[in-house]
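In what follows, a single structure is set out as structure tokens and then discussed.
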Amino acid sequence: MKEFKVFVKDKPGELARVTEALAEHAVNIRAIASEGGHENSFLRIVTNDVATTEKAFKLAGLKYEANDLLTIELMDRPGELAKIARRLARAGVNVESVYILGSKNGKTEVGMVVSDMDKAKAAIR
């Protein structure tokens, strides 16, 4: 799974342009966040299909970066994310972005872009 950091202008219609590119290729968005209000605005998007997402963005002429996403299944209760965050901090791993990807049956799936995937995986074992 990957996070796509899609670079957009801070103006009306950019969200529509990006999401329409995905819709035209039947790509489902699992998580989305934005960082706007300045010259280097971007959307962070997690989808259900990495290859088709890349194709859709290229065909639409969108500039993006793709980052590996660490996924973790946590119990859906207070403090679980805090425990993982502390383990990552102790290991010297920076969390660059974090998403809730979904919840069901008492568990929550979380996705993170981290500075060091190997250290992160070792820290959360």
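Numbered by the numbering used here, the letters in the sequence shown go through residues 1 to 125 in order.
Just so you know, even glycine gets a beta-carbon here, dropped at the ideal spot from N, CA and C.
Keep in mind the model is a prediction, meaning the values are calculated, not measured.
**OP:** Counting only the same chain and skipping the five closest in sequence on each side, list residues whose C-beta sits under 6 Å from that of F57.
**Re:** Y64
Original post:
So what does DSSP say about V95, is it helix, strand or coil?
Top reply: strand
Original post:
Looking only at DSSP bridge pairs, what is V113 linked to?
Top reply: S97
**OP:** State the CB to CB distance for the pair A60 and R17, rounded to an integer number of angstroms; the pair is presumed to be in contact (CB under 8 Å).
**Re:** 7 Å
Original post:
In or out: T47 buried (at least 16 other Cβ within 10 Å) or exposed?
Top reply: buried
Original post:
What did DSSP end up calling E24 once you bin it into helix, strand or coil?
Top reply: helix
Original post:
For L15, which residues from the same chain have a beta carbon less than 8 Å from its beta carbon, with the 5 sequence-adjacent residues on both sides left out?
Top reply: V8, S34, L43
Subject >> Segment limits, beta strand (DSSP E) that includes E54 >> reply: Element bounds for E54: not the beta strand (DSSP E) but the alpha helix (DSSP H), 50-59.
Original post:
Exposed or buried, what is M112 when buried is set at 16 or more other beta-carbons lying within 10 Å of its beta-carbon?
Top reply: buried
Original post:
Leaving out the 5 sequence neighbours to the left and right, which residues in its chain are closer than 6 Å to A31 when beta-carbon positions are compared?
Top reply: V46, Y99, L101
Original post:
Are D76 and K121 touching if we call contact CB-CB under 8 Å?
Top reply: no
**OP:** Identify whether V8 lies in helix, strand or coil by the three-state DSSP scheme.
**Re:** coil
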